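Notes follow the structure.
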Amino acid sequence: MPVARPESSDSRVIAHVDMDCFYVQVEQRKQPSLRGQPAAVVQYNSWQGGGLIAVSYEARKFGVKRSMRGDEAKQVCPEIHLVQVPVARGKADLNSYRNAGSEVVTILSRRGRCERASIDEVYLDLTIAAEAMLADNPPECLETISEEAVKSHVLGLEVGTNPRENVRHWLTRSDASRRDKLLACGALIVAELRLQVLEETEFTCSAGIAHNKMLAKLASGMNKPAQQTLVPFSSISKLLETLPIKKMKQLGGKLGTSLQIDLGVNTVGDLLQFSEEKLQEYYGLNTGSWLWNTARGISGEEVKERLLPNSHGSGKTFPGPRALKTVASVEKWLSELCEELSERLQSDLEQNKRIAHTLTLHAQAHKSNDADSFKKFPSKSCPLRYETAKIKEDALSLFQAGLREYLGQYNVKTSGNKNCGWGITGLSVSASKIVAIPSGTRSIMNYFQNQEETYPQVKLSSEKLIQDAPLLSPSENCLGCGGHPTLQSTEQLARHEEDKETKRCIEEEDKEMCKEKGFLLSPEQLPDKETLICSSPDAEVYPKWEKEYPRWEKDQTESSGVSLTEKSRDTFESEEGKRKSNKEKGMQTISRYFQSQNSGSLIQIEHASTTNLSESSSLSGPHGEQPQENSLTRGESSVDARLCSQFKRPAWSYDIDEIDQDVLKELPKQIQEEVHAWLRPQKRSNTVKRDLGITRYFLPSKDK
DNA sequence: ACGGTTTACACC
DNA sequence: TGGTGTAAA
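Residue numbers (my numbering): 1081 to 1784.
In structure tokens, the structure reads:
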């Protein structure tokens, strides 16, 4: 519940812009013959014509509604055009809509702070722009007002027989209050923006303009499609007086129902009878105050500057009889979901230079057979590793951890076979804690690169696979090493056996899906390559560091390592036998990365199949029981052994004060700051300790 | 046994 | 904190 700032003198200019039946418009643009037609977007044509998720206004006239089935829609509107949502990997693929939404956001963010509220809605804070307009070129001085602006609806304005003229008059009154004038400026700006959206994207939208988000949102829905509505201060009380409580954002659910049932509040106006204390008594301090303010049209919630989503998710439901009954089928679907997620993470990285740090798995399950069937399947999360195969692996581990918890201690080992009584009715994976790569991250990499220029390139041979993991997440590649044990060969063999079982199960369960090629999760069919694309770095950042290189280089060459580091390295190298020195290896990857970066606007880093690298879960349980190898296989950046000794673990497991300040001080100032920047948002996972072995190895005193 | 799929956020 | 619940589109 947003906290209401007590700020009754709110003269901000806030707009809420809402795309009209957005998915339909996206399809109409793609297929212009659909324009002006009754149309709807459906997903999963399979059952009863699929479910409608967006309906054109033409179709709404026939009584077609969202939440109808395709078949129903055809009954009430035989002419309706049903367009299917794109499908990829056996599930709805919303990317075309996301991309279209981005187009719109780009345009709408031109005139002020812009908050992407959903795939098809934004809030704008136009206060500054409106004030500027009022100062320089107020509406009252304009001889013409845009056609789109005079089509506005002004709540509380009596428009009579000539609405345009009356609105024009309202917008240009010289005797209006400052608030109303600001709102008028907002209306002109929004009208202009909406026109730009139409010209540049062919999409129409509706908007509300008010003094806060709550009222702007309310207004944007009042005159659709392709219109805008203003909420002058003087209209607020009358507007809310009769407004059904459930129409208010945040009150459409249980809280609104409680208000109705428990307090007999049916309109927002009814709320006015209750003192703030009374509301707090019922609903707590925050919600109580929020309700009290809401009743008065007061909302201090700020428009946040956010153009991009804070998380990415990919999920699917498996209702009723379609519930997943085997780990194998769960693994198959997780694989699909993870591939989509990974793809989107790659896009985000390329387009926005952002990295997600947390992977979360959600599932819904039912236990047909059992006592405590009310228990919910627990969500689990862990640090996110940027590689499709790793994401799959980790998601499966999280699932298995969740499943064990869900089933309780007595879970029979069911490696891929028909289980005892559970079914998975929903699966989703999501990536969160997305942070922009600090501008300096590119510079720190430049720094490393320059570091390497003193080293000759060494031809790679068989270790290539390991070394060419993507150099992206600092926790994964530059600083952090290990933390994600790879599997040893015995287990790999075991896994191959399990793959066969997996195949068998899948064939049994989802025949039609299995016909798709590349669908099974056998090693042979996994993609043998992944591509990573990054833009080139800003060139200007690193020259000023040049003077500091010699120092760094010296440290590196003379580094003999700190005890813990050496221990791990020895362990690792003895296991890996014929690896090159860490130094060479790290240099190889890093320099490759930057060579490519330097070469042009776009680079591609290929890294080979992961099937022979990463395997299965490292969690306790069926897999976890196996002796685990301490595999610091990758990310041995070898820049400086002393640095490495400090940053052996994945970045998320550090405390700032655990790091030897002397070592840190060896680094240039900017780098020190960046190290802090990396460590700050990242905290130790306390859910699934996939890195117990390694952590224990390095931190006997602090970690258990 | 569900419109399905995503996102955000408050709470503890 | 991460995990859960609520709300919305």
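Quick reminder that beta carbons are idealized off the backbone N, C-alpha and C, glycines included. Fair warning: this is a prediction, and the values are worked out from it, not measured in the lab.
Can you give the Cα-Cα distance for glutamine 1123 and glutamate 1107, rounded to whole angstroms?
By 1-based counting over the first sequence, the position of residue 1123 is 43. By 1-based counting over the first sequence, the position of residue 1107 is 27. Cα to Cα, the separation comes out at about 13 Å.
Distance between beta carbons of valine 1383 and isoleucine 1094, contact taken as under 8 Å:
Taking the first sequence and counting its residues from 1, one reaches residue 1094 at position 14. Taking the first sequence and counting its residues from 1, one reaches residue 1383 at position 303. 6 Å between Cβ atoms; contact.
DSSP beta-bridge partners for alanine 1119?
What you label residue 1119 is simply residue 39 of the first sequence in a count that begins at 1. Alanine 1119 pairs with His1161.
Quick one: is glutamine 1105 buried, meaning 16 or more other Cβ sit within 10 Å of its Cβ, or exposed?
Here the question's residue 1105 lines up with position 25 in the first sequence. So glutamine 1105 ends up on the buried side.
Once DSSP output is grouped into helix, strand and coil, what is the label at leucine 1601?
Your numbering for residue 1601 matches position 521 in the first sequence. Caution is warranted here: a pLDDT of 25 is assigned to leucine 1601, below 50, making its placement in the model unreliable, and the coordinate value is therefore given only provisionally. Reduced to three states, the DSSP call for leucine 1601 is coil.
Top-ranked residue by Cα proximity to glutamate 1138, from Arg1149, Arg1115, Ser1147:
As a first step, residue 1138 must be located in the first sequence, where it is residue number 58. Residue Arg1115 is the option with its Cα nearest to glutamate 1138.
First through last residue of the beta strand (DSSP E) which encompasses histidine 1291
As a working note, residue 1291 is residue 211 in the first sequence. Looking at the DSSP string, histidine 1291 is not in any beta strand (DSSP E), and its letter there is neither H nor E.
Is DSSP giving valine 1401 helix, strand or coil here?
Taking the first sequence and counting its residues from 1, one reaches residue 1401 at position 321. Here residue 1401 is proline; the residue named in the question, valine, does not match the sequence. The answer is helix: DSSP assigns proline 1401 an H, G or I state.
With distances taken from CA atoms, which of Val1144, Gly1181, Gln1360 is nearest glutamate 1159?
Reading the first sequence from its first residue, position 79 is the one you call residue 1159. Checked all of Val1144, Gly1181, Gln1360; the closest Cα to glutamate 1159 is Val1144.
For leucine 1464, which three-state DSSP category applies?
The residue labelled residue 1464 in the question sits at position 384 within the first sequence. If DSSP states are grouped into helix, strand and coil, leucine 1464 belongs with coil.
May I ask which residues mark the beginning and end of the alpha helix (DSSP H) holding alanine 1180?
Along the first sequence, read from residue 1 onward, the residue named residue 1180 stands at position 100. It spans 1175-1188 - the alpha helix (DSSP H) in which alanine 1180 sits, taken as one unbroken run.
State the Cα-Cα distance for the pair lysine 1327 and glutamate 1473, rounded to the nearest angstrom.
Translated into positions along the first sequence, residue 1327 becomes position 247. Translated into positions along the first sequence, residue 1473 becomes position 393. Looking at the two C-alpha atoms, the distance is approximately 44 Å.
What does DSSP give as the partner residues of leucine 1441 in its beta bridges?
As a working mapping, residue 1441 is identified with position 361 in the first sequence. In the DSSP output, where bridge partners are listed per residue, leucine 1441 has Lys1460, Val1509.
Exposed or buried, glutamine 1308, counting other C-beta atoms within 10 Å across all chains shown (16 or more means buried)?
By one-based count along the first sequence, residue 1308 stands at place 228. Buried, by the Cβ-count rule.
Length-filtered (4 minimum) alpha helix (DSSP H) runs lying within the region 1192-1218
1207-1216
CA nearest to the CA of proline 1219, picked from Lys1231, Thr1207, Leu1237, Trp1250
Your numbering for residue 1219 matches position 139 in the first sequence. Per the Cα distances, Trp1250.
Three-state class that DSSP yields for valine 1383 in the structure shown:
Numbered from 1 along the first sequence, position 303 holds the residue referred to as residue 1383. Coil.
Using C-beta distances below 8 Å, list every residue in its chain close to threonine 1281, excluding the 5 sequence neighbours before and after it, in chain order.
Numbered from 1 along the first sequence, position 201 holds the residue referred to as residue 1281. The residues are Arg1109, Ala1180, Glu1183, Val1184, Ile1187.
What's the gap between the Cα of proline 1401 and the Cα of tryptophan 1502?
The sequence position of residue 1401 within the first sequence is 321, counting from 1. The sequence position of residue 1502 within the first sequence is 422, counting from 1. Approximately 12 Å between the Cα atoms of the pair.
Where valine 1234 and serine 1147 are concerned, what is the direct C-alpha to C-alpha distance, given to the nearest angstrom?
As a first step, residue 1234 is located in the first sequence; it is residue number 154 there, counting from the start. As a first step, residue 1147 is located in the first sequence; it is residue number 67 there, counting from the start. Those two C-alpha atoms are separated by around 32 Å.
Quick one: what's got a C-beta closer than 6 Å to proline 1112's C-beta in the same chain, skipping five residues either side?
Residue mapping note: residue 1112 aligns to position 32 of the first sequence, counting from 1. For proline 1112, where only same-chain residues beyond five positions count, there are no Cβ hits under 6 Å.
Along the chain, where does the beta strand (DSSP E) containing glutamine 1308 start, and where does it finish?
On the first sequence, position 228 is the one that residue 1308 refers to. Start and end: 1308-1310.
Residue from Ser1091, Leu1351, Leu1204 with nearest C-alpha to lysine 1297
Numbered from its first residue, the first sequence carries residue 1297 at position 217. Of the candidates Ser1091, Leu1351, Leu1204, the one whose C-alpha sits nearest the C-alpha of lysine 1297 is Leu1204.
So, for glutamate 1485: in the same chain, excluding its five sequence neighbours on each side, which residues have a beta-carbon less than 6 Å away from its beta-carbon?
Here the question's residue 1485 lines up with position 405 in the first sequence. If we look at glutamate 1485 and ignore the five residues flanking it on each side, its Cβ neighbours are Pro1458.
Considering only their Cβ atoms, is the gap separating serine 1136 from glutamine 1117 smaller than 8 Å?
As a working note, residue 1117 is residue 37 in the first sequence. As a working note, residue 1136 is residue 56 in the first sequence. Cβ atoms of glutamine 1117 and serine 1136: closer than 8 Å.
Quick check on this structure: which residue in Thr1406, Pro1324, Lys1293 has the alpha carbon closest to the alpha carbon of glutamate 1381?
Start at 1 with the first residue of the first sequence, and residue 1381 comes out as number 301. The option with the nearest alpha carbon to glutamate 1381 is Lys1293.
N- and C-terminal bounds of the beta strand (DSSP E) containing leucine 1132:
Counting from one through the first sequence, the residue named residue 1132 turns up at place 52. Segment 1131-1135, the beta strand (DSSP E) holding leucine 1132.
Limits of the unbroken alpha helix (DSSP H) element including aspartate 1255:
Your numbering for residue 1255 matches position 175 in the first sequence. Aspartate 1255 -> no alpha helix (DSSP H), and no H or E assigned at all.
Assuming lysine 1460 contacts leucine 1487 under a Cβ cut-off of 8 Å, what Cβ separation, rounded to an integer in Å, is found between them?
Walking along the first sequence from the start, residue 1460 turns up at place 380. Walking along the first sequence from the start, residue 1487 turns up at place 407. 14 Å between Cβ atoms; not a contact.
Hey, quick one: how far does the beta strand (DSSP E) through valine 1144 stretch, first residue to last?
Locating residue 1144 in the first sequence gives position 64, counting from the first residue. Note, valine 1144: premise wrong, no beta strand (DSSP E); not H, not E.
Per DSSP, what are the beta-bridge partners of serine 1369 in this structure?
Within the first sequence, the letter at position 289 stands for residue 1369. Per DSSP, none; premise fails for serine 1369.
Backbone CA spacing between glutamine 1330 and threonine 1374 [nearest angstrom]
One-based indexing of the first sequence puts residue 1330 at position 250. One-based indexing of the first sequence puts residue 1374 at position 294. Distance between the alpha carbons of glutamine 1330 and threonine 1374: 10 Å.
When you compare only the Cα positions, how much space is there between isoleucine 1325 and alanine 1134?
Taking the first sequence and counting its residues from 1, the one referred to as residue 1325 is at position 245. Taking the first sequence and counting its residues from 1, the one referred to as residue 1134 is at position 54. If you take the alpha carbons of isoleucine 1325 and alanine 1134, they lie about 25 Å apart.
If you drop the 5 nearest sequence neighbours on each side, which residues of the same chain put their C-beta closer than 6 Å to that of leucine 1339?
To locate residue 1339, count along the first sequence from 1; it is residue 259. Taken in chain order, the residues that qualify are Ile1325, Val1345.
Asparagine 1678, DSSP secondary structure in three states:
Residue mapping note: residue 1678 aligns to position 598 of the first sequence, counting from 1. Because asparagine 1678 sits at a pLDDT of 30, beneath the cut-off of 50, its placement in the model cannot be relied upon, and the following sentence gives the value as read from the coordinates. If DSSP states are grouped into helix, strand and coil, asparagine 1678 belongs with the helices.
When you compare only the Cα positions, how much space is there between leucine 1421 and asparagine 1175?
Here the question's residue 1421 lines up with position 341 in the first sequence. Here the question's residue 1175 lines up with position 95 in the first sequence. If I take the Cα positions, the gap works out to 11 Å.
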